[in-house]
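For reference, the structure is listed below as structure tokens.
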Amino acid sequence: MMERTGTMPKINVNDEVVSGFRAEVLWGMGRYVQIGTVNQESTLRLENGDTPDSAEPFKGWFVTLDRDGCNRLIRAVRQARDSAYGADA
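End of the sequence shown sits at 191 in the numbering used here; the numbers just go up one at a time, nothing left out.
What follows is the structure in structure tokens.
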């Protein structure tokens with residue numbers, strides 16, 4: 103399911119095995135692609151200033167990929183999928 107957050111499109115890939123976790127793919131047109139692991143039930147907060155009230159919720163870990171990195175990730179995920187589940191017909 104694709105949704106837009108401001109001007110940034112994203113796709114959530116929900117994990118049906120472990121509740122509350124998902125992968126998120128975000129991108130900015132012509133600028134970047136990010137892949138993240140998100141725990142939507144996380145209560146962690148990151149300090150963002152001098153006071154505890156300025157802490158922001160910790161959403162998850164993200165990595166930014168260039169075009170070559172995207173291509174390598176796609177190949178790696180296909181290889182892992184085929185090894186784990188067999189190749190698609």
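All residues carry an ideal CB built from backbone N, CA and C; glycine is no exception.
This one's a predicted model, so the numbers in the text were calculated from it and none came from an experiment.
Could you compute how far the alpha carbon of residue i sits from the alpha carbon of residue j?
{"i": "S185", "j": "T153", "result": "49 Å"}
{"i": "W163", "j": "G132", "result": "22 Å"}
{"i": "T166", "j": "A191", "result": "32 Å"}
{"i": "C172", "j": "V127", "result": "11 Å"}
{"i": "L146", "j": "D170", "result": "33 Å"}
{"i": "S144", "j": "S121", "result": "12 Å"}
Who are the near neighbours of residue i in its chain, counting only those whose CB is closer than 8 Å to its CB and skipping five residues on each side?
{"i": "W129", "result": "M110, P111, K112, V135 and Q136"}
{"i": "A125", "result": "N114, V115, D117, I137, G138, T139 and V140"}
Identify, in the order they occur along the chain, each residue of the same chain with its Cβ nearer than 7 Å to the Cβ of residue i, setting aside the five sequence neighbours on each side.
{"i": "L148", "result": "A157, E158 and F160"}
Exercise. Do three or more CB pairs link the stretch 171 to 187 to the stretch 154 to 162 at distances below 8 Å?
Worked result: no
For this session: Scan the stretch 142 to 181 and note each continuous beta strand (DSSP E) run of 3 residues or more that stays entirely inside, going in chain order.
Result: 162 to 167
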